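Protein chains in written order, with the working numbering: chain A, 1 to 318; chain B, 1 to 318.
Structure record follows, encoded as structure tokens.
There are 2 protein chains.
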Amino acid sequence: MGVLDLDRLWSGDRRSIARAISQVENEAPASAELLRAVFVRTGRAHRIGITGPPGAGKSTITSKLAAHYRAAGKRIGIIAVDPTSPFSGGALLGDRVRMTDVDLDDQVFIRSMASRGSLGGLSRRTMEAVDILDAAGNDIVLMETVGVGQSELDIAGAADTTVVALVPESGDSIQAMKAGLMEIADVFVLNKADRAGADQAVMAIQMILNFRKHDGWMPDVLKTVASDGTGIDLLAVKIDEHRAYLERSGGLRLKRRSRIEGRVRDLIAARLRVDFWTADRQALLEQRLDDLLALAVSPAQVADELVTDFHRVHDDRG
Amino acid sequence: MGVLDLDRLWSGDRRSIARAISQVENEAPASAELLRAVFVRTGRAHRIGITGPPGAGKSTITSKLAAHYRAAGKRIGIIAVDPTSPFSGGALLGDRVRMTDVDLDDQVFIRSMASRGSLGGLSRRTMEAVDILDAAGNDIVLMETVGVGQSELDIAGAADTTVVALVPESGDSIQAMKAGLMEIADVFVLNKADRAGADQAVMAIQMILNFRKHDGWMPDVLKTVASDGTGIDLLAVKIDEHRAYLERSGGLRLKRRSRIEGRVRDLIAARLRVDFWTADRQALLEQRLDDLLALAVSPAQVADELVTDFHRVHDDRG
Numbered sequence: 001m002g003v004l005d006l007d008r009l010w011s012g013d014r015r016s017i018a019r020a021i022s023q024v025e026n027e028a029p030a031s032a033e034l035l036r037a038v039f040v041r042t043g044r045a046h047r048i049g050i051t052g053p054p055g056a057g058k059s060t061i062t063s064k065l066a067a068h069y070r071a072a073g074k075r076i077g078i079i080a081v082d083p084t085s086p087f088s089g090g091a092l093l094g095d096r097v098r099m100t101d102v103d104l105d106d107q108v109f110i111r112s113m114a115s116r117g118s119l120g121g122l123s124r125r126t127m128e129a130v131d132i133l134d135a136a137g138n139d140i141v142l143m144e145t146v147g148v149g150q151s152e153l154d155i156a157g158a159a160d161t162t163v164v165a166l167v168p169e170s171g172d173s174i175q176a177m178k179a180g181l182m183e184i185a186d187v188f189v190l191n192k193a194d195r196a197g198a199d200q201a202v203m204a205i206q207m208i209l210n211f212r213k214h215d216g217w218m219p220d221v222l223k224t225v226a227s228d229g230t231g232i233d234l235l236a237v238k239i240d241e242h243r244a245y246l247e248r249s250g251g252l253r254l255k256r257r258s259r260i261e262g263r264v265r266d267l268i269a270a271r272l273r274v275d276f277w278t279a280d281r282q283a284l285l286e287q288r289l290d291d292l293l294a295l296a297v298s299p300a301q302v303a304d305e306l307v308t309d310f311h312r313v314h315d316d317r318g
Numbered sequence: 001m002g003v004l005d006l007d008r009l010w011s012g013d014r015r016s017i018a019r020a021i022s023q024v025e026n027e028a029p030a031s032a033e034l035l036r037a038v039f040v041r042t043g044r045a046h047r048i049g050i051t052g053p054p055g056a057g058k059s060t061i062t063s064k065l066a067a068h069y070r071a072a073g074k075r076i077g078i079i080a081v082d083p084t085s086p087f088s089g090g091a092l093l094g095d096r097v098r099m100t101d102v103d104l105d106d107q108v109f110i111r112s113m114a115s116r117g118s119l120g121g122l123s124r125r126t127m128e129a130v131d132i133l134d135a136a137g138n139d140i141v142l143m144e145t146v147g148v149g150q151s152e153l154d155i156a157g158a159a160d161t162t163v164v165a166l167v168p169e170s171g172d173s174i175q176a177m178k179a180g181l182m183e184i185a186d187v188f189v190l191n192k193a194d195r196a197g198a199d200q201a202v203m204a205i206q207m208i209l210n211f212r213k214h215d216g217w218m219p220d221v222l223k224t225v226a227s228d229g230t231g232i233d234l235l236a237v238k239i240d241e242h243r244a245y246l247e248r249s250g251g252l253r254l255k256r257r258s259r260i261e262g263r264v265r266d267l268i269a270a271r272l273r274v275d276f277w278t279a280d281r282q283a284l285l286e287q288r289l290d291d292l293l294a295l296a297v298s299p300a301q302v303a304d305e306l307v308t309d310f311h312r313v314h315d316d317r318g
């Protein structure tokens, strides 16, 4: 993998970024040290999430937005958050290829990451990759959900500003409301707005928005045709306005606080899991599974036994 | 809530079932005792999951299948697994109403439950409600995902037999494959098969299936028009065949084993979370969050501190 030059990483060198993310993904021995150094350099980048149902044009919006920021002289990184099949266990190659297909200049760093963390929300590795892009001096980190389901909502927890993309097709806004997307949007994009039904869709979204509580920020509903770039400039303006609002209102600090708290809790749960599931306790569970299958004992009873054993072993060490 | 008569529960009395599920949902003092008594009476019901993308007609398939089983003299319970918005925090009233709308006779017990557990998969409460329906003497428990996203895959972990419903609309099978639905299906239903493109959709699914590994059971792709009942009888036959296959092959025991193992692990994680997050340690995290926001320390360092404190306190007790 080669040695990682931290100074080159802080200066935004793309190969160093790629190497750093790989170290974190592979949990290389040096990755704990690296993450500590990275974390204390975070906090500069604007973290923008792009989410919405499949077919809303999220990838196109992301690449056009990236091109817009590049033209404005900003440094930008992209994380494509993949729905990882629990069975195949990997990101979907098709989408990965599709992202790199996009006509961005080669200064934009793009990386695909698996979506789900053990406690819900984005996976720890994904959050750490965003930290790396932040610490490497990017002004903007775009997080885009790729493909289907699962991570649509999770991305809001990782972003400062969440853009929800919808299309005019009937019922889409209702589905989005049901899925909780209406509640996480800071900016709405009605993409493919050159299709029939666009104005009705915008009205439907606005109507649903009126039922939602607002604390000083009312999400706009912008029409875009991302494929030809229509509306992207205005979208960037709205995203900037939201960032300014967050800084003014103290909301940015609150978002960061809850994001960091979630990460600490996630790390602790992972540590406890490792501490708990020793080979001995694993073997004990295996034994008891036969009793469970024979219905001689209940899951709660076996959980009690194992937790009691955990505490006893701890006490004995004292 | 009134006192729960266990004998009436085992006999399948609907009010007793409703009361038992409520006790478990509300974590009533007696619920641990109840769950123990329930668990040792489980293992009889066939647990069938109905899943698929929004708009595939899952509710209609579920109600027609339930009517079919009723006509065959079977006892059946239904759990509608709701995608719970992390913000509204409740099941979606609209879908709940829709389910009870269905023209089932009043002997079929239907209940809506929130979908997500803390460690992914169906929520613990949902699994426990299924146990209650099983222990109450139902021959069949149908679990249906309602609405959008999230729980589409989770249901497979809770079911003996998983039915995936799709519709002829182009691209649906590709989306399903991406979302991992192809890998969890024991039986495919191409619903609304009177629409254009049905035969092509069936062929597309079969083609994708050929790329999947099979261990003795090859999922069929059945055409249904659930709204008028077409194909439901054959679906019931296939579901029965799958159950027979599971019993013959030992797969049922394996599925149960991994399901129960998951539940024990989930209970243990919940217990450890409670044991760990004392008021003192909560306060310690609050303090350190300011240092984290000031970038003076990293999440991993704070997690280390707290876990070390947890082990130290344990050791001191010994």
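Backbone N, C-alpha and C fix where the C-beta goes; we use that ideal spot for every residue, glycine too.
All values derive from a computational prediction rather than experimental measurement.
Where Val-274/B falls, given that 16 or more other Cβ within 10 Å makes a residue buried: exposed
Chain B contact for Gln-23/A (CB, 8 Å cutoff): no
Test: Glu-247/A CB closer than 8 Å to a CB of chain C: Among the chains of the structure shown, chain C does not appear; the protein chains present are A and B.
Distance CB(Ala-165/A)-CB(Pro-219/A) smaller than 8 Å: no
First through last residue of the beta strand (DSSP E) which encompasses Ala-165/B: 161-166
Beta-carbon neighbours of Gly-43/B, restricted to chain A and to distances below 8 Å: Leu-295
Rounded straight-line distance, which links the Cα of Thr-278/A to that of Phe-276/B: 18 Å
Partner residues on chain A for Pro-29/B, Cβ-Cβ distance less than 9 Å: In chain order: nothing, as chain A lies at least about 14 Å away.
Exposed unless 16 or more other CB atoms sit within 10 angstroms - verdict on Leu-190/B: buried
Whole runs of the alpha helix (DSSP H) within the segment 26-72 of chain B, excluding any shorter than 4 residues: 31-39, 58-71
Limits of the unbroken beta strand (DSSP E) element including Ala-80/A: 76-82
Whole-Å CB distance - Ala-159/B paired with Gly-49/B, under 8 Å assumed: 3 Å
DSSP three-state assignment for Phe-188/A, whether helix, strand or coil: strand
Within-8 Å CB hit, Glu-261/B to chain A: yes
Outcome for Pro-168/A when other beta-carbon atoms lying within 10 angstroms are tallied against a minimum of 16: buried
Extent of the continuous beta strand (DSSP E) to which Met-207/A belongs: Not the beta strand (DSSP E): Met-207/A falls in the alpha helix (DSSP H), residues 198-210.
Under the three-state DSSP convention, the category Thr-224/A falls into: coil
Contact set between Leu-35/B and chain A, taken where Cβ atoms lie within less than 7 Å: Ser-298, Ala-300
Reduced DSSP secondary structure (H/G/I, E/B, other) of Val-141/A: strand
Residues within the segment 249-280 of chain A neighbouring chain B, beta-carbon criterion of under 9 Å: Arg-253, Arg-256, Arg-257, Ile-260, Glu-261, Arg-263, Val-264, Arg-265, Asp-266, Leu-267, Ile-268, Ala-269, Ala-270, Arg-271, Leu-272, Arg-273, Asp-275, Phe-276, Trp-277
Counterpart residues of Met-113/B in DSSP-defined beta bridges: Val-81/B
Assigned exposure category for Leu-272/A - 16 Cβ within 10 Å defines buried: buried
Supposed contact pair Thr-60/B and Ser-227/B - C-beta distance, whole angstroms, cut 8 Å: 6 Å
Contact set between Val-307/B and chain A, taken where Cβ atoms lie within less than 8 Å: Ile-268, Arg-271, Leu-272, Asp-275
Residue burial classification, Leu-306/B (beta-carbon count within 10 angstroms, cutoff 16): buried
Nearest neighbour of Arg-265/A, chosen from Ala-135/A, Asp-7/A, Ser-123/A [CA to CA]: Ser-123/A
Neighbour list for Leu-292/B in chain A, Cβ cutoff strictly below 7 Å: Ile-260
Three-state class that DSSP yields for Leu-122/A in the structure shown: strand
Where Thr-308/B falls: helix, strand or coil (DSSP): helix
Minimum C-alpha distance to Leu-295/B - residue among Arg-75/A, Ala-37/A, Leu-246/A, Ala-269/A: Ala-37/A
Neighbour flag for Leu-209/B against chain A, beta carbons, 8 Å: no
Bounding residues of the alpha helix (DSSP H) (the contiguous stretch that carries Val-274/B): 251-276
Identity of the residue in Asp-139/A, Gly-55/A, Ser-298/A, Ala-283/A nearest Ile-76/A by Cα: Asp-139/A
Under 8 Å between C-beta atoms of Val-40/A and Ile-79/A: no
Assigned exposure category for Ser-258/A - 16 Cβ within 10 Å defines buried: exposed
Closer than 8 Å at the beta carbon, the chain A residues around Ala-32/B: Ala-300
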